[in-house]
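*Asks:*
2 protein chains.
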Amino acid sequence: MDSESHRPRQVGRGAKVRDAVHAATLAELVEKGYAALTVEGVALRAGVHKTTLYRRWADRESLVADALADLSAMDVPIPDTGSIESDLRELARSLVRMMTAPKGRALLAAMFSGAADVPGVAEARRQVFDDRFRRAEPVVARAVERGELPEGTDPSELLKALAAPVYFRLLVTGDPVDEITAERAALLALAAARAGALRRR
Amino acid sequence: MDSESHRPRQVGRGAKVRDAVHAATLAELVEKGYAALTVEGVALRAGVHKTTLYRRWADRESLVADALADLSAMDVPIPDTGSIESDLRELARSLVRMMTAPKGRALLAAMFSGAADVPGVAEARRQVFDDRFRRAEPVVARAVERGELPEGTDPSELLKALAAPVYFRLLVTGDPVDEITAERAALLALAAARAGALRRR
DNA sequence: GCTGTAACGCAACTTGGAGTTGCAATGGAT
DNA sequence: ATCCATTGCAACTCCAAGTTGCGTTACAGC
C-alpha cells in the first residue's frame, strides 16, 4: 500500500524510462511479434541499458505484460442510442478503433505470436473480450424488449457475429480494417439476428 | 529429378524416421506452440537423435514447414448440391473438420504462435485460405443464378462471413468447434446474404 | 550550489537451446 | 556375408536470457 509516501524521490527519471520502455516494447511487438522480441532490442530502442530493464521488470514476460497493462484506458462506453442498428454500428466502430490503435495492435501481436499464455497478456485478453462482451449484452436485451429483434435472440451469439468478421480480417486474411469493415459487420450481424439465425438454442 | 533411380537403397529406415519426426513435430506444435517448440524436444519425442534432424532438415523452420507440407491431402471437394443452404452447410462442415483434425490444429498453432512468416507455413496458409476461397466462389455464383440469393451478392464476402465465426471460436474465444458451430455459421451467412447485407459495394 | 542516494550504465559472467562437426556404430539391400 | 548410407554420440560455437558487482549519473532536499 501507499507506495508514494516512503519513496517520494526520483520519480522524474523513473517515469521517463518507464514510458520509453513501454513505447519501445509495444513498437517491437507490432514490428517483430513476441517470438522475435528481444530484451536487448527493447533496451536499445528505448535508449536504455539492458540491466535497467531487468531491475524494473522480472523477465521478458513481465515486460510485455506491463506494457499492455492498462487496457482499461481504451475501454469504451456501451452505446444506448435507442436503435439496435446504430448501437451495433457504434460497437463495431469502437472495436475497430481499439484494435487498429497501437496498443490494440500490440495486444493482437502478443496474443497471436507466442505470448497467449503469458499471465498478463491472458488477463488483458479477458479484459478486452469477456468483460466487454458481458457489458455489451444489455444492448441486445434492450433491442429485444423494444421489439427490434426476435424473441430469444442470443446476446452472446449476436455480439460474436458482430466481432467475428473484424477479427477474421485482422488475424486471418490481412485485409484493411476500417469504418467500412465496421459498417458491414454491423449490417451482417443485424440481418442475421432479424432473420432469427442467432436465437438461443 | 528422378531421385528414385540413383538412390534406391535405405528407404525403409528413412521413411520411418521421417514419419515419426513429422508426427512428433505436429504434436509439439499443438501442445506448446511454435515459440516453445525445441528441436531437442521433437527429437526426444520421435525417439531420434538431434543430429539426425539437422541432417535431414536445414533448421527449425524447415522442420515445421515440412511437417505441414502436404495440406493438399486435406483438400475437400467443392459441393454442388443444387441448394445454397446445403452447399454452405457442407463448406462449413469441411472447414470445421479440417481445422479440428491434428494437421489443421497444428497449422493454426504454427500460424498463430510465431511462425506466421515462415515460408512453408505462409504457403500452407495460402493453400488453405486463398485457393480454397477462390475455388468455392462458384458455389455462390450458381446460387445467384438460381435466384436463391440477391443479385450482386459478393461471393468473397459471403465466404468470409461463413468462415469468420469458425475462426473466431478457434482463435479468439476458445469455444468448442463442432458440427453445431458449422450449422450456425451456415445459417448466419445465409440469412445475411438473403437480406442483401453481403452485396458488392 | 552542494550533497546524498536511488536509479542507471557497464562489463563480465552463467545458462540453455540453435546449429555444426568428426567419428563410431548399425542396419537394410544385394 | 558384405557394403555403405544413415544414425547415434560427444564436443564443440553462437546468441539471447537472465545475473552480479561496481562505478557513474542525476534528481530531491537543504
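Order-wise, the sequence lines are chains A and B. Quick note on the UniProt record's numbering: the first sequence kicks off at 1 and runs consecutively. Quick note on the UniProt record's numbering: the second sequence kicks off at 1 and runs consecutively. Positions of the beta carbon are idealized from the N, C-alpha and C atoms, including for glycine.
Compare the C-beta of lysine 103 of chain A against all C-beta atoms of chain B and say whether one is closer than 8 Å.
*Replies:* For this step, residue 103 of chain A is matched to residue 103 along the first sequence. Not one chain B Cβ lies under 8 Å of lysine 103 of chain A.
*Asks:* Mapping DSSP to helix, strand and coil, what is aspartate 83 of chain A?
*Replies:* On the first sequence, position 83 is the one that residue 83 of chain A refers to. It should be pointed out that residue 83 of chain A corresponds to serine in this sequence rather than to aspartate. Three-state DSSP puts serine 83 of chain A in coil, outside helix and strand.
*Asks:* According to DSSP, simplified to helix, strand and coil, what is residue 202 of chain A?
*Replies:* Lying before the first or after the last residue shown, residue 202 of chain A is absent from chain A, which here runs from 1 to 201.
*Asks:* The alpha helix (DSSP H) that contains serine 72 of chain B, what's its start and end?
*Replies:* The residue labelled residue 72 of chain B in the question sits at position 72 within the second sequence. Segment: none, serine 72 of chain B is in no alpha helix (DSSP H) and carries neither H nor E.
*Asks:* If the criterion is Cβ atoms closer than 8 Å, does the pair valine 139 of chain B and leucine 91 of chain B meet it?
*Replies:* As a working mapping, residue 139 of chain B is identified with position 139 in the second sequence. As a working mapping, residue 91 of chain B is identified with position 91 in the second sequence. Closer than 8 Å, so yes.
*Asks:* Could you say if the stretch 122–129 of chain A and the stretch 122–138 of chain B meet the contact criterion of at least three C-beta pairs nearer than 8 Å?
*Replies:* Not touching, per the Cβ criterion.
*Asks:* So if I threshold CB-CB distances at 9 Å, which residues from the stretch 158–178 of chain A count as touching chain B?
*Replies:* From the stretch 158–178 of chain A, only Lys160, Ala161, Ala163, Ala164, Pro165, Val166, Tyr167, Phe168, Arg169, Leu171, Val172, Thr173, Asp175 have a Cβ closer than 9 Å to chain B.
*Asks:* Determine, using beta-carbon pairs with one atom in the stretch 80–96 of chain B and one in the stretch 80–99 of chain A, whether at least three such pairs fall under 8 Å.
*Replies:* No: the two stretches stay apart, fewer than three of their Cβ pairs being nearer than 8 Å.
*Asks:* Ignore the nearest five residues each way along the sequence and tell me which others in aspartate 175 of chain B's own chain have a CB closer than 6 Å to its CB.
*Replies:* Counting from one through the second sequence, the residue named residue 175 of chain B turns up at place 175. Answer for aspartate 175 of chain B: Arg169, listed in chain order.
*Asks:* Check the Cβ of tyrosine 54 of chain B against every Cβ in chain A and list those closer than 9 Å, keeping chain order.
*Replies:* In the second sequence, counting from the first residue as 1, residue 54 of chain B sits at position 54. Chain A residues near tyrosine 54 of chain B: none, gap ~21 Å exceeds 9 Å.
*Asks:* Taking C-beta to C-beta, are arginine 106 of chain A and leucine 171 of chain A nearer than 8 Å?
*Replies:* Translated into positions along the first sequence, residue 106 of chain A becomes position 106. Translated into positions along the first sequence, residue 171 of chain A becomes position 171. Note that residue 106 of chain A is alanine in the sequence shown, not arginine. For alanine 106 of chain A and leucine 171 of chain A, no; Cβs fall outside 8 Å.
*Asks:* Which complete alpha helix (DSSP H) runs does the stretch 91–134 of chain B hold, if anything under 4 residues is left out?
*Replies:* The stretch 91–134 of chain B contains these whole alpha helix (DSSP H) runs: 102–111, 119–126.
*Asks:* Within the 8 Å Cβ cut-off, does glycine 152 of chain A reach chain B?
*Replies:* As a first step, residue 152 of chain A must be located in the first sequence, where it is residue number 152. Answer no: the Cβ-Cβ gap between glycine 152 of chain A and chain B never drops below 8 Å.
*Asks:* Establish whether the CB of leucine 95 of chain A and some CB of chain B are separated by less than 8 Å.
*Replies:* Along the first sequence, one-based indexing puts residue 95 of chain A at 95. Not one chain B Cβ lies under 8 Å of leucine 95 of chain A.
*Asks:* Got a sec? Which residues, its chain only, sit under 7 Å from leucine 158 of chain A by beta carbon, not counting five neighbours each side?
*Replies:* On the first sequence, position 158 is the one that residue 158 of chain A refers to. Taken in chain order, the residues that qualify are Val140, Ala189, Ala193, Leu198.
*Asks:* Got a sec: which bits of the stretch 98–126 of chain A sit with their beta carbon under 9 Å from any beta carbon on chain B, in order along the chain?
*Replies:* Within the stretch 98–126 of chain A, the residues whose Cβ lies closer than 9 Å to some Cβ of chain B are Met111, Phe112, Ser113, Gly114, Ala115, Ala116, Asp117, Arg125, listed in chain order.
*Asks:* Taking only beta-carbon positions, decide if glycine 33 of chain A is within less than 8 Å of chain B.
*Replies:* Locating residue 33 of chain A in the first sequence gives position 33, where the first residue counts as 1. True, the Cβ-Cβ gap to chain B drops below 8 Å.
*Asks:* Taking the C-alpha atoms as reference points, what is the distance between threonine 81 of chain A and alanine 20 of chain B?
*Replies:* The residue labelled residue 81 of chain A in the question sits at position 81 within the first sequence. The residue labelled residue 20 of chain B in the question sits at position 20 within the second sequence. In a straight line, the C-alpha of threonine 81 of chain A is about 59 Å away from that of alanine 20 of chain B.
*Asks:* Anything in chain B within Cβ reach of alanine 191 of chain A, meaning under 7 Å, just list it in chain order.
*Replies:* On the first sequence, position 191 is the one that residue 191 of chain A refers to. Ordered by position in chain B, the residues that pass the 7 Å Cβ test against alanine 191 of chain A are Ala191, Ala192, Ala195, Ala197.
*Asks:* In whole angstroms, what is the alpha-carbon distance linking alanine 163 of chain A and glutamate 31 of chain A?
*Replies:* In the first sequence, counting from the first residue as 1, residue 163 of chain A sits at position 163. In the first sequence, counting from the first residue as 1, residue 31 of chain A sits at position 31. Cα to Cα, the separation comes out at about 24 Å.
*Asks:* So with Cβ pairs under 8 Å, would you call leucine 29 of chain A a contact of chain B?
*Replies:* For the purposes of this step, residue 29 of chain A is taken as residue 29 along the first sequence, with counting starting at 1. So, not an interface residue.
*Asks:* Name the chain A residues that come within less than 9 Å of leucine 149 of chain B, Cβ to Cβ?
*Replies:* The residue labelled residue 149 of chain B in the question sits at position 149 within the second sequence. Residues of chain A passing the Cβ test: none, with the nearest at roughly 13 Å.
*Asks:* Excluding the 5 residues flanking lysine 100 of chain B on each side, which residues of the same chain have their C-beta closer than 8 Å to its C-beta?
*Replies:* The sequence position of residue 100 of chain B within the second sequence is 100, counting from 1. Checking the sequence, you will find threonine at residue 100 of chain B rather than lysine. Within the same chain, threonine 100 of chain B has close Cβ partners Val177, Asp178.
*Asks:* Examine chain B for any beta-carbon lying closer than 8 Å to the beta-carbon of leucine 91 of chain A, and answer yes or no.
*Replies:* Start at 1 with the first residue of the first sequence, and residue 91 of chain A comes out as number 91. No, its Cβ sits nowhere closer than 8 Å to a Cβ of chain B.
*Asks:* Return yes when the Cβ of alanine 116 of chain A is within less than 8 Å of the Cβ of leucine 29 of chain A, no when it is not.
*Replies:* Here residue 29 of chain A refers to the residue found at position 29 of the first sequence. Here residue 116 of chain A refers to the residue found at position 116 of the first sequence. It is not a contact, given that the beta carbons lie outside the stated cut-off.
*Asks:* Pick from A:Asp70, A:Arg134, A:Leu63: whose alpha carbon is nearest that of leucine 37 of chain A?
*Replies:* By 1-based counting over the first sequence, the position of residue 37 of chain A is 37. Of the candidates A:Asp70, A:Arg134, A:Leu63, the one whose C-alpha sits nearest the C-alpha of leucine 37 of chain A is A:Leu63.
*Asks:* For a quick check, are the C-beta atoms of alanine 24 of chain A and arginine 45 of chain A less than 8 Å apart?
*Replies:* By 1-based counting over the first sequence, the position of residue 24 of chain A is 24. By 1-based counting over the first sequence, the position of residue 45 of chain A is 45. A contact, by the Cβ cut-off of 8 Å.
*Asks:* Would you give the residue range spanned by the alpha helix (DSSP H) that isoleucine 180 of chain B belongs to?
*Replies:* Position 180 of the second sequence, counted from the start, is the residue given in the question as residue 180 of chain B. Looking at the DSSP string, the run of the alpha helix (DSSP H) that includes isoleucine 180 of chain B is 179–194.
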